[in-house]
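Before any comments, here is the structure.
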Ligand SMILES: *Cc1c(COP(=O)(O)O)cnc(C)c1O
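Residue numbers (our numbering): 84 to 498.
This is how it looks when you write it as structure tokens:
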């Protein structure tokens, strides 16, 4: 290693995994909020951005919230209430009930089930899109036929196998919470992600494809559900002359300042997607000949938003790599590499990569939860992708020249 990186100098300015890309329109709407003194969790920016997003995703209602996690929480709470009725104030709506969840994802996808007292049962990942396996999901329903709720995400902006997942859920009468936090703008059979579930969530966190610094939204076609989420998110006030409360409340509303940023950003969603697509394709091209593949998708059925380009190293080309709960080490080998080596090398050159989301069934907090795989041969797809995969610098402000250097750095790891 480093033979061919001798002439490569570290980047002067860090190349990020995915950082905010502002255009100026955002500032205009933030200023507008200042001028009109709507420095609160209500105002024109919120009303407008809810309309803009609902229209873009093709749903009737969008409710602007403080973050994607809040949107997921209220989506999950709503699903629980629909299935099992209103909860007591000190209980969640999913208290004591199992919920089938994506396994390889950010913890927010599944924590919100736990917030409501549910017990996440993790469903293994499939290799075609790195999302929840419809086969494993079917198997889970055979094992636990009473389950009535499925929560799944579209990882790294690549749509999951929506038709198959919906067919399994329909067969077993289960509701769906769709976590489209990473996939804003991605489509499946021409339809936007974030519109497939009974309850849907998106995120405007700082490293997502568009951002308000933070923020999220609950998306639905049901006016009743939208009204309910709006009410819950503003401390559950009943209509009365005073602060009257009949239900548990939350302070989850989006700020009008943040809504201004998102309002300006929405004009650039398509631009960001096409920039990310160019990055994905440049990696695909530039890494040809190496024993690696990129995060896969079904080009016939979907158009990802290409949020993050990820790499998967062929099994035979993996050098020995060890991960404890907190540390990673590896032994370099000629012609081989591993995520740890590539990530450490990227850091040396001032670029940011990231391991694949560590599967939830491998997390200490969920070590006692059930985990269902597609077969009974012990194959754990999520653990395998976690071991061999990594997220590459995918910032849409990365220049072609910088990306060529990143590609060279990755190549050097396999020498
Ligand atoms: C970012 C993310 C969330 C949470 O969104 P926040 O706005 O950060 O709360 C949820 N699920 C997935 C898959 C995410 O990547």
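Note that beta-carbon positions come from the ideal geometry of N, C-alpha and C, so glycine has one too.
Residue 317, DSSP secondary structure in three states: Strand, per DSSP.
Contact set for residue 380: own chain, Cβ-Cβ below 6 Å, skip 5 residues either direction: Within the same chain, residue 380 has close Cβ partners 212, 241, 387.
From 293, 207, 466, residue whose alpha carbon lies closest to that of residue 405: Comparing Cα positions, the closest option is 466.
Helix, strand or coil at residue 172 [DSSP, three-state]: Looking at residue 172 - three-state DSSP - the assignment turns out to be coil, as it is neither helix nor strand.
Boundaries of the alpha helix (DSSP H) in which residue 364 is found, first to last residue: For residue 364, the enclosing alpha helix (DSSP H) has its first and last residue at 352–369.
6 Å Cβ shell around residue 195 - same chain, five flanking residues per side excluded: Closer than 6 Å at the Cβ level, and outside the excluded window around residue 195, lie 155, 156, 159.
Residue 475 classed as buried or exposed, judged by whether at least 16 other C-beta atoms fall within 10 angstroms: Buried.
Cβ-based neighbour list, residue 84, same chain, cut-off 7 Å, excluding 5 preceding and 5 following: For residue 84, the pLDDT reaches just 45, beneath the cut-off of 50, and the residue's location in the model is therefore unreliable, although a value from the coordinates is still provided. So the list reads 415, 495, 496, 498, once near-sequence residues are dropped.
Range of the contiguous beta strand (DSSP E) that encloses residue 114: Following the DSSP letters along the chain, one finds residue 114 in no beta strand (DSSP E) but inside the alpha helix (DSSP H) bounded by residues 108–118.
Buried or exposed (CB count within 10 angstroms, at least 16 for buried), residue 346: Within a 10 Å sphere around the beta-carbon of residue 346 sit 16 or more other beta-carbons, which makes this residue buried.
Per-residue burial, residue 480 [other beta carbons within 10 Å of its own, 16 or more giving buried]: Classification for residue 480: exposed.
Simplified DSSP assignment, three categories, for residue 85: Because the pLDDT of residue 85 is 47, which lies under 50, any placement of that residue in the model is unreliable, and the number read from its coordinates should be weighed accordingly. Coil at residue 85, not helix or strand.
Sheet register partners of residue 413 (DSSP bridge): DSSP, once it has assigned bridges, lists 404 as partnering residue 413.
Inter-residue Cα distance where the pair is residue 454 and residue 407: About 20 Å.
Any non-hydrogen atom of ligand 1 within 7 Å of residue 189 CB: Yes; taking the cut-off as 7 Å, the Cβ of residue 189 has a heavy atom of ligand 1 nearer than that.
Whole runs of the alpha helix (DSSP H) within the region 149–211, excluding any shorter than 4 residues: Counting whole runs of 4 or more residues, the region 149–211 contains the alpha helix (DSSP H) stretches 151–167, 191–198.
Extent of the continuous beta strand (DSSP E) to which residue 236 belongs: That run of the beta strand (DSSP E) goes 232–236.
Local Cβ density within 10 Å of residue 311, reported as buried at 16 or more and exposed below that: Counting the other Cβ atoms within 10 Å of the Cβ of residue 311 gives 16 or more, which makes it buried.
For residue 73: DSSP bridge partner residues: This structure cannot settle anything about residue 73, because the visible part of the chain is limited to 84 through 498.
Where residue 310 sits in the DSSP three-state scheme: Assigned with DSSP and collapsed to three states, residue 310 falls in helix.
Rounded distance between the beta-carbons of residue 247 and residue 217, thought under 8 Å: Rounded, the Cβ-Cβ distance is 4 Å, consistent with contact.
Residue 261 Cβ short of 7 Å to ligand 1 heavy atom set: The answer is no for residue 261.
Residues bridged to residue 299 (per DSSP): Residue pairing from DSSP places residue 299 in a beta bridge opposite 148, 286.
Bridge partners - residue 336, DSSP secondary structure assignment: In the DSSP output, where bridge partners are listed per residue, residue 336 has 148.
Beta carbon of residue 421 nearer than 8 Å to that of residue 402: Against a cut-off of 8 Å, the Cβ pair of residue 402 and residue 421 comes out as a contact.
Segment contact, 8 Å Cβ cut-off, at least three pairs: the region 389–398 with the region 357–369: Yes, since at least three Cβ pairs between the region 389–398 and the region 357–369 fall closer than 8 Å, the two stretches touch.
Spatial neighbours of residue 116 in its chain, beta-carbon cut-off 7 Å, leaving aside the 5 residues before and after: Apart from the 5 residues on each side of it in sequence, residue 116 sits with its Cβ closer than 7 Å to the Cβ of 122, 126, 128, 339, 340, 343 in its chain, given in chain order.
Closer than 7 Å: residue 197 CB and nearest ligand 1 heavy atom: False, no ligand heavy atom lies under 7 Å from that Cβ.
Check whether residue 288 and residue 162 have beta carbons under 8 Å apart: Going by C-beta atoms, residue 288 is not nearer than 8 Å to residue 162.
Assumed close pair residue 273, residue 285 - CB separation to whole angstroms, cut-off 8 Å: So it is not a contact: roughly 18 Å between Cβ atoms.
Alpha helix (DSSP H) segment containing residue 246, residue limits: Segment 245–254, the alpha helix (DSSP H) holding residue 246.
Segment contact, 8 Å Cβ cut-off, at least three pairs: the region 432–450 with the region 92–100: At 8 Å Cβ cutoff, the stretches touch.
C-alpha distance - residue 203 paired with residue 151, whole-angstrom precision: About 19 Å.
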